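So the working numbering is basically just the index in the sequence shown, starting at one, shifted up by 70.
No residue lacks a Cβ here, since even glycine has one placed at the ideal position from N, Cα and C.
Bear in mind that the values here come from a model prediction, so they are computed numbers and not experimental data.
Let me begin by presenting the structure, written as C-alpha cells, before commenting on it.
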Amino acid sequence: MQTTTAANWNQAIFLRLQERDALEKQYDAVCLHYRKLADQTRLLKQRNRALLNAAAAAPSASTVGASTSAADSPASSAAVNPVQLAYITSLEQQLSTLRDEVALLYKNQGQNAQRLLLMSESHRDKEEEARRQTETLAKLQLDHEKLRRQADDLSHAVGEKDRGIQILQDELATLSLELSQIEARNEDLKKDNASLLQRWLDRMNEEADKMNEGTIWLEEVRKRKEGSAPPELRAAAAGAASVPSPTSASKP
71 MQTTTAANWN
81 QAIFLRLQER
91 DALEKQYDAV
101 CLHYRKLADQ
111 TRLLKQRNRA
121 LLNAAAAAPS
131 ASTVGASTSA
141 ADSPASSAAV
151 NPVQLAYITS
161 LEQQLSTLRD
171 EVALLYKNQG
181 QNAQRLLLMS
191 ESHRDKEEEA
201 RRQTETLAKL
211 QLDHEKLRRQ
221 ADDLSHAVGE
231 KDRGIQILQD
241 ELATLSLELS
251 QIEARNEDLK
261 KDNASLLQRW
271 LDRMNEEADK
281 MNEGTIWLEE
291 VRKRKEGSAP
301 PELRAAAAGA
311 ASVPSPTSAS
321 KP
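Next up, the structure:
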C-alpha cells in the first residue's frame, strides 16, 4: 500500500512538472522566430546602412570612371566599387551569422540527442520501476485476497464455535434446571423419609410402651397370683421367673 501511494505521488508530481514545462514552453517557438527575425532585421539594417554610406561616399565622377574602366578591367572596377564591397561585406557577415546559427543548431541537436538519450534511459528506468510496482501490486493483491479468505474462514470458524458454545450453554442450563429439580425432589424425599421414619419410630415406641405396659401388667398379675398360691407353686413360679422370656430379650 505504501509503494502504491508513493507511485501515485510521483506520478502526480511528474504530471504537474510536465504541465508547468508545457505552459512555460508554449511560446518558445514564437520567441525563437522573433529573435531570428530581429537578428535578420538587424543584419539588413546594417547592410543597408553600409550600402547607403558607401553610395554617399562614392562621387559621381568616380562612378563614371569606374564604368569606363570596367571595359578594360572588371576585377579592378569591382575592387574599387565601394557599394559592391559593402554588399560583399554584408553578405559575408550574414554568412558568418548563418554559420554560427548552424553551429548552434548542431550544438542544440547534440544536446537534444544527449537529453533524448537521458530521457530514454530515464523512461526505461521508469518503465522498469512501473513493472516492478505492478508486480508488487499484483503480489499484494494476491496476499490481500489470501488474507481475506483466511479472515472469512476464521469468521466462519468463530461463528461455528459461538454456535457450539451457545448449544453447550443451553444444554448446561437445561442440566442445571434438571439438577435443581432433582435436588428439590431429593429434598422432598428426604423430608418425606424423615417424616415416615419419625412416624415409624413413634409407632415402634408406642408398641414398645404397650408391650412394656403389658409386661408390667402380666408381672403384677403373676405376683398377685403368687401371693395367693401355695408355697410350692410360688417356688416354681420364682424359678420360672428367673428364666428370661423371649419378649423381654427382644425388648430394646
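Straight-line measurement puts the Cα of residue 198 at about 37 Å from the Cα of residue 102. If you keep only unbroken alpha helix (DSSP H) runs of at least 4 residues inside the segment 244 to 297, you get nothing at all.
Note that the C-beta distance between residue 164 and residue 194 is not below 9 Å. One thing to note: residue 121 has its Cβ within 9 Å of the Cβ of residue 153. Spatial neighbours of residue 208 in its own chain (CB-CB distance under 8 Å, excluding positions within 5 residues in sequence) are not present. If you draw a straight line from the Cα of residue 89 to the Cα of residue 98, it is about 15 Å long. Residue 156 counts as buried, since no fewer than 16 other beta carbons sit within 10 angstroms of its beta carbon. In the structure shown, residue 151 adopts coil according to DSSP, grouped into three states. DSSP places residue 181 within a helical segment (H, G or I) once states are collapsed to three.
Here residue 167 really is in contact with residue 113; their C-beta atoms are around 6 Å apart, less than 8 Å.
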